[in-house]
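Chemist: Residue 281 is where the sequence shown starts when you use the numbering used here, and the numbers rise one by one after that. Here a beta-carbon is modelled for each residue, glycine too, at the ideal position from N, C-alpha and C. Predicted, not measured: the structure shown is a model, and the values here were computed from it.
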Amino acid sequence: MKYLEARDEAGELKRASLRSTAPWARSVIVCAINYNTAHPYSTQVNDSDRGWISRYAWSREDYHEAVMRRLRTVETCLRDRTDSNASPLQTRCYVDTGPLVERVYAKYAGVGWIGKNTCILNQKLGSWLFLGVILTSLELAPDLPAPDRCGTCTRCIDACPTDALIAPYQLDSNKCISYLTIEKRGPIPEDMREGIGRHVFGCDICQDVCPWNRKAPATNAAEFQPREGLVNPALEWLAEMSAEEFREKFRGSPIRRTKRTGLRRNAAIAMGNSGDRAFAPVLERLAADDDSVVAESARWAVERLAAPAASTSESHPRKS
Numbered sequence: 281m282k283y284l285e286a287r288d289e290a291g292e293l294k295r296a297s298l299r300s301t302a303p304w305a306r307s308v309i310v311c312a313i314n315y316n317t318a319h320p321y322s323t324q325v326n327d328s329d330r331g332w333i334s335r336y337a338w339s340r341e342d343y344h345e346a347v348m349r350r351l352r353t354v355e356t357c358l359r360d361r362t363d364s365n366a367s368p369l370q371t372r373c374y375v376d377t378g379p380l381v382e383r384v385y386a387k388y389a390g391v392g393w394i395g396k397n398t399c400i401l402n403q404k405l406g407s408w409l410f411l412g413v414i415l416t417s418l419e420l421a422p423d424l425p426a427p428d429r430c431g432t433c434t435r436c437i438d439a440c441p442t443d444a445l446i447a448p449y450q451l452d453s454n455k456c457i458s459y460l461t462i463e464k465r466g467p468i469p470e471d472m473r474e475g476i477g478r479h480v481f482g483c484d485i486c487q488d489v490c491p492w493n494r495k496a497p498a499t500n501a502a503e504f505q506p507r508e509g510l511v512n513p514a515l516e517w518l519a520e521m522s523a524e525e526f527r528e529k530f531r532g533s534p535i536r537r538t539k540r541t542g543l544r545r546n547a548a549i550a551m552g553n554s555g556d557r558a559f560a561p562v563l564e565r566l567a568a569d570d571d572s573v574v575a576e577s578a579r580w581a582v583e584r585l586a587a588p589a590a591s592t593s594e595s596h597p598r599k600s
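1) Assign R330 to one of three DSSP states: helix, strand, or coil.
2) Look up F559 in the DSSP assignment and say whether it is helix, strand or coil.
3) Just to confirm before moving on: does the CB-CB distance between A337 and I549 stay below 9 angstroms?
4) How big is the Cα-Cα spacing for A439 and L358?
5) Thinking C-alpha only, which one of W517, G532, G552, A547 is nearest E503?
6) Would you mind working out which of G555, N553, S522 sits nearest R540, comparing C-alpha positions?
7) Assuming S322 and D484 are in contact, meaning their beta carbons sit under 8 angstroms apart, how far apart are those beta carbons, in whole angstroms?
8) Note down the Cα distance separating H596 from W304, rounded to an integer number of angstroms.
9) Kindly list the residues whose CB is nearer than 6 angstroms to the CB of R375, restricted to its own chain and excluding five residues on each side of it in sequence; keep chain order.
10) Could you tell me the boundaries of the beta strand (DSSP E) in which I414 lies?
11) Whose CA, out of L298, W408, I394, lies closest to the CA of N316?
12) Is any beta-carbon of chain C found at less than 9 angstroms from that of A581?
13) Taking 8 angstroms as the threshold, find out whether the segment 364-373 comes into contact with the segment 393-404 through three or more Cβ pairs.
14) According to the neighbour-count rule (16 or more other Cβ atoms, all chains shown, within 10 Å of its Cβ), is E508 buried or exposed?
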């Protein structure tokens, strides 16, 4: 995520101002697409032998490519409708890759309001939205920001297992399960591991509990439907996945971002949090793994399962 630290020639953060990123830009077009699918939320299932992958990462195609393809279509329409006698049209597209805070532009473009969980929320679609932006040299009439409809609700804040939502609209990214399981390299701090629960890639809890997502519609886009095995994946499968299987299974998937090391590390921690001592044999094998990060996480998990306070497999029955 080093691109967020990018600075211009004057030393100013590029993401702090559009002028720093693209001084020629006069308007920002924000596009949103629903990626929700008709599957239970993470808060509705709790199988001790299975982990959780964030909803957005189930997709058959990496969302960066799926959204960018649509942005290019809009970009082409803009060019087709621009007066050829006018000054040349300049555009630039971003899908979660540039030094821009997309949700802020989405707010002022009228897509929705920024919720207390810091996600963009749309009154009809909820928060399961991918965002893409097009910077353009065109002078376009601005839309009106959507009103904040979070009210007095604090369900997202109350539900966060790692207390990453330190206040309404404020997120401590270093505590966020999404950061810890995806972006964090090396060992995860021990004091954060219990809160991770069974999450192996990302986290949906603050969106799962949001009242605006109760009736969120499911997408009809085929590329956002889940790949086989990624909804509630088996923890043993993830933990013992070979390098070749990882490459094959997650080709063209955002899950590649955590790398095989991170995914196996996360699976080991999830097994330790499961309270299921049936995981002990696989964890003992992982404790001797050539990957030091995976091995250390597995040793922690073995100790956690062996601790007197750990739940037994009787209270966390495994499903066959």
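Modeler: Result, derived from the coordinates:
1) strand
2) helix
3) no
4) 43 angstroms
5) G532
6) S522
7) 5 angstroms
8) Summary for H596: the model assigns pLDDT 42, below 50, so the residue's position carries little reliability, and this model does not support an answer.
9) The residue you asked about is not Arg; residue 375 is Val in the sequence shown. Same-chain partners within the cutoff: H344, V347, M348, G412.
10) 409-416
11) W408
12) Absent from the structure is chain C; it holds one protein chain and no more.
13) no
14) exposed
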